[in-house]
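Residue numbers (our numbering): 288 to 844.
Everything below concerns the one structure shown next.
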């Protein structure tokens, strides 16, 4: 039953994309099956420019991400770098700033017209033209790549932490330098882990919408995600779901192929095992005089990731218009943008946001618990299929998933009246993030001895009661962490909400997006700062409450 339900929920949107690509006209009024959309896509030279832009953007994103992630993870896991705990905390904190807010912040810093850094350099050096611009593919890749460093960092940490130090010691004993050892030993050994991260980054870069849309569209640079978005939300004319489906199928095939390659690389990584049961002893490399250079490199990353974006948002929110910091600018500081938030935002976007981050992770984790229990605890033949279906949403780009749900909700709006409500956004997030929930719950349940559940059944308890009274309390930390992670993903995600929202179902992220397109710089910055502070407070409060609840829970015999 669970397999059938998950299969329907996950596969129907995928099938919908395929059917969309074979039809013309509006949802519910489509004509007969046709390949007209594919002819329009593949006979248009614009398509190949879009594919080239997407590929270059993805490649640039991977390069920027790994350029920071690999050295940082090596420094933190293999060396005596100081302030490691602080760096770990800051790396986690970077996740709290949504990508679209970071993109807006970098526009405020490096825009050719209003960017503070450009204005400052032009003023100091007497330049007539701004030295930097983000409205190009390298600029898009820089912002997106910086945003993905925390994910790559945590994915690579395990591989570098588990590396046998005897390999490095042998190199040092032979007189090999630290840099050469890193390039000739550390990097080759972690090739499978790095390759897996590269596939993950490729899947992400091919599907993201925020940075390519905000930075690319002003320069008429389109990628697959932005073409799909404007196919269903045109500035003039009617939505073209058929064209969106045809472009979406290209994206979908790429995502599925990348997922297959990802699993194959992970499976083959066993050949590169370097930690065995004997002789392993973790040891950190002494950086010596290079430690301050290493700290400076990491501080540079955090300046790009957190400090500069947040600082410019705060600065812009305090001024009636953006200007270079000076005594004259300080005299114009005001809280007007914050004071007017209730006027231009109202309560509804905040209420909808809290509904979203409350319901979406709850549904996703509940379904994930059921799936993981079947996959880990039973011998059903379909458990492998079920696990694969649960991971499938990760291969489906968010914009594609949202377009498919929008199409289905329009076709079946009488039977399922959720189109234009907050609940279609909740449903989209819950299903899209099941893959994250099942990865967390699978790992947690594998560590629980089945004998504990068998003892419960021996006492006459039913399976649901055993799961509810024994299994879930034992994996409570994983349930909380999974819920919190999905809540954060839902809070900072804007693409699906942007496709699915209607007047009355806005969330904070869509409100900021809408105001940015109307050039309300001060108000957008103020709302962005509030959005970041809200999630920071929520995370701290929820984690504190959970830790205290865990400490106060007595062990039951």
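Beta carbons: idealized from backbone N, C-alpha and C, even for Gly.
Return yes when the Cβ of residue 528 is within less than 7 Å of the Cβ of residue 307, no when it is not.
If you number the chain shown from 1, residue 307 lands on position 20. If you number the chain shown from 1, residue 528 lands on position 241. Yes, the Cβ-Cβ distance between residue 307 and residue 528 is below 7 Å.
Candidates 314, 821, 406 and 485: which alpha carbon is nearest residue 613's?
Start at 1 with the first residue of the chain shown, and residue 613 comes out as number 326. Nearest option by C-alpha distance: 406.
Given 8 Å, three or more beta-carbon pairs between the segment 475-489 and the segment 501-514
no
Residue 720 versus residue 546 - alpha carbon distance:
By one-based count along the chain shown, residue 720 stands at place 433. By one-based count along the chain shown, residue 546 stands at place 259. Looking at the two C-alpha atoms, the distance is approximately 15 Å.
Rounding to the nearest angstrom, what Cα-Cα distance links residue 668 and residue 349 in this structure?
In the chain shown, the residue the question calls residue 668 occupies position 381. In the chain shown, the residue the question calls residue 349 occupies position 62. The alpha-carbon atoms of residue 668 and residue 349 are separated by roughly 38 Å.
What do you get for residue 292, buried or exposed, if any count of 16 or more other CB atoms within 10 angstroms of its CB means buried?
Residue numbering aside, residue 292 sits at position 5 when the chain shown is read from its first letter. Exposed, by the Cβ-count rule.
Contact defined as beta carbons within less than 8 Å: I believe residue 795 pairs with residue 636. What is the distance between those atoms, to the nearest angstrom?
Taking the first residue of the chain shown as position 1, residue 795 is located at position 508. Taking the first residue of the chain shown as position 1, residue 636 is located at position 349. Their Cβ separation, rounded to whole angstroms, is 5 Å, which keeps residue 795 and residue 636 in contact under 8 Å.
Which value, in whole angstroms, describes the spacing of the CA atoms of residue 373 and residue 354?
The residue you call residue 373 lines up with position 86 of the chain shown. The residue you call residue 354 lines up with position 67 of the chain shown. In a straight line, the C-alpha of residue 373 is about 21 Å away from that of residue 354.
State the Cα-Cα distance for the pair residue 314 and residue 813, rounded to the nearest angstrom.
As a working note, residue 314 is residue 27 in the chain shown. As a working note, residue 813 is residue 526 in the chain shown. One C-alpha to the other measures close to 39 Å.
Between residue 623 and the rest of its own chain, which residues show a CB-CB distance below 8 Å, the 5 nearest in sequence each way excluded?
Mapped onto the chain shown, residue 623 falls at position 336. Around residue 623: 607 and 809.
At least 3 beta-carbon pairs within less than 8 Å: the segment 316-324 vs the segment 405-419
no
Please give me, in chain order, every unbroken run of the beta strand (DSSP E) with length at least 3 that falls completely inside the segment 406-435.
none
Contact defined as beta carbons within less than 8 Å: I believe residue 442 pairs with residue 484. What is the distance between those atoms, to the nearest angstrom?
Residue 442 sits at position 155 when you count from the first residue of the chain shown. Residue 484 sits at position 197 when you count from the first residue of the chain shown. Yes, they are in contact, since the Cβ atoms of residue 442 and residue 484 sit about 5 Å apart, within 8 Å.
Counting pairs of beta carbons, one from the segment 820-829 and one from the segment 746-762, are three or more of them closer than 8 Å?
no
Per DSSP, residue 572 is paired with what?
Residue 572 sits at position 285 when you count from the first residue of the chain shown. According to DSSP, residue 572 bridges with 366.
Range of the contiguous alpha helix (DSSP H) that encloses residue 592:
As a working mapping, residue 592 is identified with position 305 in the chain shown. Element bounds for residue 592: n/a, residue is neither H nor E.
Give the DSSP-derived three-state secondary structure of residue 561 in the structure shown.
Within the chain shown, residue 561 is the residue found at index 274, counting from 1. Because residue 561 carries a pLDDT of 49, less than 50, the predicted location of this residue cannot be relied on, and the following value inherits that uncertainty. Looking at residue 561 - three-state DSSP - the assignment turns out to be coil, as it is neither helix nor strand.
Straight-line Cα distance separating residue 745 from residue 305
As a working note, residue 305 is residue 18 in the chain shown. As a working note, residue 745 is residue 458 in the chain shown. Near 49 Å, if we compare the C-alpha coordinates of residue 745 and residue 305.
In chain order, each alpha helix (DSSP H) run of at least 4 residues that lies wholly inside the segment 602-681:
614-617, 623-626, 628-631 and 635-664
Can you tell me the Cα-Cα spacing of residue 434 and residue 742, whole angstroms?
One-based indexing of the chain shown puts residue 434 at position 147. One-based indexing of the chain shown puts residue 742 at position 455. Residue 434 and residue 742: Cα-Cα distance of roughly 47 Å.
Would you please state the rounded distance, in angstroms, between the beta carbons of residue 652 and residue 770? I believe it to be under 8 Å.
Mapped onto the chain shown, residue 652 falls at position 365. Mapped onto the chain shown, residue 770 falls at position 483. Yes, residue 652 and residue 770 are in contact; Cβ-Cβ is about 5 Å, under 8 Å.
What does the alpha-carbon distance come out to for the pair residue 680 and residue 687?
On the chain shown, residue 680 is found 393 positions in, with the first residue counted as 1. On the chain shown, residue 687 is found 400 positions in, with the first residue counted as 1. Using only the alpha carbons, I get a separation of about 10 Å.
Since residue 708 is in the alpha helix (DSSP H), which residue starts that stretch and which ends it?
Looking up residue 708 in the chain shown gives position 421. Element bounds for residue 708: n/a, residue is neither H nor E.
Nearest-angstrom Cβ-Cβ length linking residue 597 and residue 384, presumed shorter than 8 Å:
On the chain shown, position 310 is the one that residue 597 refers to. On the chain shown, position 97 is the one that residue 384 refers to. Right, their Cβ atoms sit about 7 Å apart.
Just to check, is the beta-carbon of residue 446 closer than 6 Å to a non-hydrogen atom of the ligand SAH?
Looking at this structure, you won't find the ligand SAH or any other ligand, since it has none at all.
Under the rule that 16 or more other beta-carbon atoms within 10 Å means buried, what is residue 418, buried or exposed?
The residue given as residue 418 occupies position 131 in the chain shown. With fewer than 16 Cβ atoms within 10 Å of its Cβ, residue 418 is classed as exposed.
Is the segment 358-368 in contact with the segment 572-588, if contact means three or more CB pairs nearer than 8 Å?
yes
When the distance is taken between beta carbons, is residue 311 closer than 7 Å to residue 868?
The requested residue 868 does not occur in the structure, where the chain is confined to residues 288 to 844.
Assign residue 431 to buried or exposed, taking buried as 16 or more other Cβ atoms, counted over all protein chains shown, within 10 Å of its Cβ.
In the chain shown, residue 431 corresponds to position 144, counting from 1. Under this definition residue 431 is a buried residue.
Would you report the Cα separation of residue 803 and residue 488, rounded to the nearest angstrom?
Along the chain shown, one-based indexing puts residue 803 at 516. Along the chain shown, one-based indexing puts residue 488 at 201. Roughly 27 Å between the two C-alpha positions.
If we call anything under 7 Å between Cβ atoms a contact, is residue 352 one with residue 439?
Reading the chain shown from its first residue, position 65 is the one you call residue 352. Reading the chain shown from its first residue, position 152 is the one you call residue 439. Against a cut-off of 7 Å, the Cβ pair of residue 439 and residue 352 comes out as a contact.
Taking all protein chains shown into account, do 16 or more other C-beta atoms lie within 10 angstroms of the C-beta of residue 779, making it buried, or fewer, making it exposed?
Position 492 of the chain shown holds residue 779. By the 10 Å Cβ count, residue 779 comes out buried.
Own chain residues within Cβ distance below 8 Å of residue 548, not counting five before or after
Locating residue 548 in the chain shown gives position 261, where the first residue counts as 1. For residue 548, where only same-chain residues beyond five positions count, the Cβ hits under 8 Å are 486.
Determine the direct distance from the alpha carbon of residue 331 to that of residue 428, and round the result to whole angstroms.
Translated into the one-based positions of the chain shown, residue 428 becomes position 141. Translated into the one-based positions of the chain shown, residue 331 becomes position 44. Cα to Cα, residue 428 sits roughly 26 Å from residue 331.
Among 670, 784 and 826, the one whose alpha carbon lies nearest that of residue 851:
No information on residue 851 is available, as it lies outside the stretch 288 to 844 that the chain covers here.
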